[in-house]
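S.K.: So the sequence shown is numbered by the UniProt record's numbering: it starts at 1 and just counts up by one.
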Amino acid sequence: MALTILGLSGALSHDPSAALYIDGKLVAAAEEERFLRDKHAKNKMPLEATKFCLKQAGISAKDVDVIAVPFAPISLSSPARWHYAKRYWYAPDRALDVLFNGNRRYRRYVGQIREMLESIGFDWQKVEFEPVEHHLAHASSAYHLSGFKEKTAIMGIDGKGEYATTFFGYGENGKIHKIKEFYDPDSLGGLYGAITEYLGFEMLDGEYKVMGMAPYGDPSKYDLSRLIDFDGKEFRVNTDYINVVGLRRYKENGKGFYFTKKLIEWLGPRRKGDVADDPYIHYAASIQQLYETVALKLMDYYLGDIIKETGLLAFSGGGALNVKLNQKIVARSELKELFVQPASGDAGTAIGAASFASEKRGVSVEKMEHVYLGPSFTNEQVIEACQQHPDKPKFKQIGQVPERIAKVLADGNPVAWFQGRMEFGPRALGRRSILGCPSVKGVADRINEQIKFRERWRPFCPSMLDRVAPEMFKVDHPAPFMTFTFEVKEEWKERVPEVVHEDGTARAQAVKREVNPRYYDLMLEMEKFTGNGVVLNTSLNRRGEPVVCTPTDALNMFFGSDLQYLIMEDILVVKGDFPEGC
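(1) Compute the distance between the beta-carbons of H138 and E181, then report whether it is under 8 angstroms.
(2) Leaving out the 5 sequence neighbours to the left and right, which residues in its chain are closer than 7 angstroms to A554 when beta-carbon positions are compared?
(3) What residues in its chain sit with their C-beta under 7 angstroms from that of H501, if we drop five residues either side in the sequence?
(4) Should S463 and N537 be called a contact, given that it needs their Cβ atoms to be closer than 8 angstroms?
(5) Specify, as a first and last residue, the run of the beta strand (DSSP E) that L312 falls within.
(6) Could you pull the start and end residues of the beta strand (DSSP E) that V443 belongs to?
(7) If F481 sits next to P342, beta carbons under 8 angstroms apart, how far is it from one beta carbon to the other, in whole angstroms?
(8) Report the CB separation of F71 from A11 in whole angstroms; it is logged as a contact under 8 angstroms.
(9) On the premise that H177 lies in contact with E359, defined as a C-beta separation below 8 angstroms, what is that separation, rounded to the nearest angstrom?
(10) Roughly how many angstroms separate the alpha carbons of P393 and G206, rounded to a whole number?
(11) Find out if the Cβ-Cβ distance for the pair I113, V69 is shorter than 8 angstroms.
(12) Helix, strand or coil for E569 per DSSP?
(13) Below 8 angstroms, can you find three or more Cβ-Cβ pairs linking the segment 78-89 to the segment 145-152?
(14) Could you pull out every residue in the same chain whose Cβ sits closer than 6 angstroms to the Cβ of G102, ignoring the five residues on either side in sequence?
(15) Quick check on this structure: which residue in N326, M1 and P426 has the alpha carbon closest to the alpha carbon of P546?
(16) If you draw a straight line from the alpha carbon of Y372 to that of F356, how long is it in whole angstroms?
(17) Please list the terminal residues of the continuous beta strand (DSSP E) segment that includes P402.
(18) Considering only C-alpha positions, which residue in the set F339, T260 and W266 is nearest to T239?
(19) Give a yes or no on whether 8 angstroms exceeds the smallest Cβ distance from F418 to chain D.
(20) In whole angstroms, what is the alpha-carbon distance linking S344 and G399?
(21) If you draw a straight line from the C-alpha of P470 to the C-alpha of V323, how long is it?
(22) Answer yes or no: do T310 and C437 have a C-beta to C-beta separation smaller than 8 angstroms?
(23) Can L224 and I179 be called in contact, C-beta distance under 8 angstroms?
(24) When you compare only the Cα positions, how much space is there between K489 and K474?
(25) Could you give the DSSP three-state label for F71: helix, strand or coil?
(26) What does a CB cutoff of less than 6 angstroms around T552 pick up in its chain, not counting 5 residues either side in sequence?
(27) Mapping DSSP to helix, strand and coil, what is Y250?
(28) Which residue wins for smallest C-alpha separation from residue 620, given the options G156, R431, V401 and I405?
(29) Does F182 come out as helix, strand or coil in the three-state DSSP assignment?
(30) Taking only three categories from DSSP, how would you classify Y198?
(31) Taking just the CA atoms, how far does D218 sit from D274?
(32) Quick one: measure Cβ to Cβ for residue 586 and F339, integer angstroms, because I've assumed they're closer than 8 angstroms.
(33) Which residue wins for smallest C-alpha separation from L312, given the options A194, D391 and S146?
(34) Determine the closest residue to G193 out of Y170, Y302 and K160, with distance taken between C-alpha atoms.
(35) Rank L298, I74, E487 and E32 by C-alpha distance to the C-alpha of R104 and give the top, closest one.
(36) Taking just the CA atoms, how far does L54 sit from E369?
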């Protein structure tokens with residue numbers, strides 16, 4: 001009998017998702033936000049994502065053996081709850097609650113999971129339930145999917161799970177071993193997230209915007225080190241300023257933030273608007289540098305010997321999406337390879353919990369080669385969506401899609417690219433993307449201003465043929481998932497300027513043909529037209545919206561922006577005339 005495991009995330013009231021393993025093979029995974037069209041799907045359960053996974057696998061509820069969730073009860077004998085109570089002494093209601101009722105959130109979540117599953121035909125009494133500690137789920141999503149066979153250092157950094165915020169351990173022979181955990185409110189993710197809020201962005205969504213702003217600033221202009229007490233092996237967040245609860249929170253128009261009034265008195269008013277200016281760009285640079293410094297020193301202290309032994313590191317948690325930190329890790333001479341789980345945020349813990357449960361039952365999970373795990377649509381479904389859309393799109397079926405779309409791109413036009421199964425995780429990797437020609441001056445500004453409606457200073461990323469990556473970058477390291485930035489060689493800065501950030505780096509996706517053949521062939525055609533086997537790639541969505549899932553979602557975005565061309569499978573949708581040859 002096949003071992004079928006359904007992983008479900010969403011215990012922390014954001015980013016619910018579902019992932020399905022059958023005999024160690026990840027057959028489907030999707031985030032609930034894509035179906036609901038509600039970014040992060042806060043306070044929702046992964047109902048539609050679960051239904052999709054079952055449908056994709058062609059199974060029913062009765063075929064599932066195990067339900068795995070990335071949230072587990074934490075014993076009162078654990079140091080985690082006592083640490084939380086001690087550090088939140090200033091909010092006695094929180095401190096006492098965690099001591100006397102510390103697993104309340106877990107019990108509530110299990111009840112919600114049960115109610116959701118029973119509503120779609122699951123028999124709770126006949127399915128095995130596996131709660132996995134949140135940071136073990138993160139660790140499993142990285143280590144077990146890395147494909148690494150030798151002893152592997154494991155690092156996890158995020159806001160918090162049950163109580164843990166930061167994890168150091170190692171994997172060996174399929175087993176995960178803890179070395180050290182830090183507990184809330186002492187959180188590197190919470191530190192970065194609080195400053196994200198201060199800089200005018202939403203926590204859980206704007207951290208990468210802070211990272212994108214940082215290269216415009218000078219980290220030496222402002223010293224933010226008072227935010228954290230750090231001695232090289234232990235750290236404490238300074239809750240006089242950040243990562244606070246209750247009455248300590250600074251409030252504006254009735255909304256509370258994760259920082260205090262004291263932070264405002266020190267650094268000035270909270271940033272508002274879209275402009276990246278002084279002093280906020282320098283604050284962004286300073287917090288990025290502080291985060292990197294502390295994370296790297298902790299990594300060296302707790303994992304240095306293991307990394308020197310085998311050169312392997314697996315990294316997950318929301319903090320693992322900080323590509324600038326990852327660049328510094330990759331630059332370490334002792335490191336052979338870093339695997340960053342591409343869905344490192346909490347949505348990816350559905351994969352983590354399910355993979356942990358599979359390995360625990362003696363069924364090893366396969367290496368993650370791609371994240372094309374969501375829904376796909378046929379030409380017929382695309383045509384039906386076009387025919388039913390109220391904006392009456394102008395469309396036709398075309399042949400030689402890579403060649404023809406490459407010509408449209410080379411002529412300077414952005415193109416919405418909708419092909420095959422949707423990506424899992426926050427990065428568009430050539431299935432739900434907006435593409436541009438990175439050698440055409442101004443294409444990045446046009447996409448930011450007229451299509452994505454986002455801040456002008458936000459960078460774009462390159463996808464490239466796998467053989468081009470070693471030519472373009474100063475460091476040669478696998479880059480299938482856009483989880484690293486690399487320094488761009490001088491020649492390539494001139495060849496593809498629209499995908500080079502302010503600091504001379506680019507967040508890269510090196511594409512293998514066997515993983516995404518049509519996308520690869522498009523870049524082959526681009527190479528014929530421009531001399532560069534590279535495209536500008538950004539997610540197919542507008543600011544504040546999830547990445548599109550269905551043809552109707554894509555059409556809605558197309559008509560709500562300045563896009564002129566949308567290719568869905570073989571169906572080309574245009575606003576003006578069809579391009580020559582189509």
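For each residue, glycine too, the CB sits at the ideal point set by N, CA and C.
M.R.: With the structure as the only source:
(1) In the sequence shown, residue 138 corresponds to position 138, counting from 1. In the sequence shown, residue 181 corresponds to position 181, counting from 1. When the beta-carbon positions are compared, H138 and E181 stay at least 8 angstroms from each other.
(2) Translated into positions along the sequence shown, residue 554 becomes position 554. Take A554, set aside five residues on each side of it, and the residues of its chain with a beta-carbon closer than 7 angstroms to its own are A416, F418, L540, V548, L566 and M568, in chain order.
(3) Counting from one through the sequence shown, the residue named residue 501 turns up at place 501. Within the same chain, H501 has close Cβ partners P215 and P459.
(4) Counting from 1 along the sequence shown, the entry for residue 463 is found at position 463. Counting from 1 along the sequence shown, the entry for residue 537 is found at position 537. Contact flag set, yes.
(5) Numbered from 1 along the sequence shown, position 312 holds the residue referred to as residue 312. It spans L312 to S316 - the beta strand (DSSP E) in which L312 sits, taken as one unbroken run.
(6) As a first step, residue 443 is located in the sequence shown; it is residue number 443 there, counting from the start. Per DSSP, V443 belongs to no beta strand (DSSP E); it is in the alpha helix (DSSP H), V443 to R446.
(7) Taking the first residue of the sequence shown as 1, we reach residue 481 at position 481. Taking the first residue of the sequence shown as 1, we reach residue 342 at position 342. Taking the Cβ atoms as the reference, F481 lies roughly 4 angstroms from P342, within the contact range of under 8 angstroms.
(8) Taking the sequence shown and counting its residues from 1, one reaches residue 71 at position 71. Taking the sequence shown and counting its residues from 1, one reaches residue 11 at position 11. Between F71 and A11 a beta carbon distance of about 4 angstroms is seen, short of the 8 angstroms cut, so the two are scored as contacting.
(9) In the sequence shown, the residue the question calls residue 359 occupies position 359. In the sequence shown, the residue the question calls residue 177 occupies position 177. The Cβ separation is near 13 angstroms, so there is no contact.
(10) Counting from 1 along the sequence shown, the entry for residue 393 is found at position 393. Counting from 1 along the sequence shown, the entry for residue 206 is found at position 206. Roughly 34 angstroms between the two C-alpha positions.
(11) Reading the sequence shown from its first residue, position 113 is the one you call residue 113. Reading the sequence shown from its first residue, position 69 is the one you call residue 69. With contacts defined as CB atoms closer than 8 angstroms, I113 and V69 qualify as a contacting pair.
(12) The residue you call residue 569 lines up with position 569 of the sequence shown. Coil.
(13) These segments do not touch.
(14) By 1-based counting over the sequence shown, the position of residue 102 is 102. R81, listed in sequence order.
(15) Here the question's residue 546 lines up with position 546 in the sequence shown. Here the closest residue by C-alpha is P426.
(16) Residue mapping note: residue 372 aligns to position 372 of the sequence shown, counting from 1. Residue mapping note: residue 356 aligns to position 356 of the sequence shown, counting from 1. Their backbone Cα atoms lie some 21 angstroms apart in a straight line.
(17) The residue given as residue 402 occupies position 402 in the sequence shown. Element bounds for P402: not the beta strand (DSSP E) but the alpha helix (DSSP H), V401 to A410.
(18) The count along the sequence shown starts at 1 and reaches residue 239 at position 239. Looking only at F339, T260 and W266, the smallest Cα-Cα distance to T239 is reached by T260.
(19) Any reference to chain D falls outside this structure, which holds one protein chain only.
(20) Your numbering for residue 344 matches position 344 in the sequence shown. Your numbering for residue 399 matches position 399 in the sequence shown. Their Cα atoms are separated by approximately 37 angstroms.
(21) Locating residue 470 in the sequence shown gives position 470, where the first residue counts as 1. Locating residue 323 in the sequence shown gives position 323, where the first residue counts as 1. Using only the alpha carbons, I get a separation of about 18 angstroms.
(22) For the purposes of this step, residue 310 is taken as the residue at position 310 of the sequence shown. For the purposes of this step, residue 437 is taken as the residue at position 437 of the sequence shown. No, these two residues do not count as a Cβ contact at 8 angstroms.
(23) Translated into positions along the sequence shown, residue 224 becomes position 224. Translated into positions along the sequence shown, residue 179 becomes position 179. The answer is no: Cβ separation not under 8 angstroms.
(24) Within the sequence shown, numbered from 1, the residue matching residue 489 stands at position 489. Within the sequence shown, numbered from 1, the residue matching residue 474 stands at position 474. When rounded, the distance between both Cα atoms is 6 angstroms.
(25) Your numbering for residue 71 matches position 71 in the sequence shown. Look at F71 here: in three-state DSSP terms it is coil, with no helix or strand label.
(26) For the purposes of this step, residue 552 is identified with residue 552 of the sequence shown, where counting begins at 1. Excluding residues within five positions, the ones whose Cβ falls inside 6 angstroms are A385.
(27) As a first step, residue 250 is located in the sequence shown; it is residue number 250 there, counting from the start. Y250 carries a coil assignment under DSSP once its states are collapsed to helix, strand and coil.
(28) A question about residue 620 goes unanswered here, because the residues of the chain that appear run from 1 up to 582.
(29) Here residue 182 is taken as the residue at index 182 of the sequence shown, counted from 1. Residue state, collapsed to three classes: strand.
(30) In the sequence shown, counting from the first residue as 1, residue 198 sits at position 198. If DSSP states are grouped into helix, strand and coil, Y198 belongs with the helices.
(31) By one-based count along the sequence shown, residue 274 stands at place 274. By one-based count along the sequence shown, residue 218 stands at place 218. Each residue's Cα considered, the two are about 19 angstroms apart.
(32) No statement about residue 586 is possible, as the shown extent of the chain runs from 1 to 582 and does not include it.
(33) If you number the sequence shown from 1, residue 312 lands on position 312. Closest by alpha carbon: S146.
(34) Residue mapping note: residue 193 aligns to position 193 of the sequence shown, counting from 1. Checking every option, the nearest Cα to that of G193 belongs to K160.
(35) Numbered from 1 along the sequence shown, position 104 holds the residue referred to as residue 104. When L298, I74, E487 and E32 are compared, the shortest CA-CA separation from R104 is found for I74.
(36) Here the question's residue 369 lines up with position 369 in the sequence shown. Here the question's residue 54 lines up with position 54 in the sequence shown. For E369 and L54, the distance between alpha carbons rounds to 22 angstroms.
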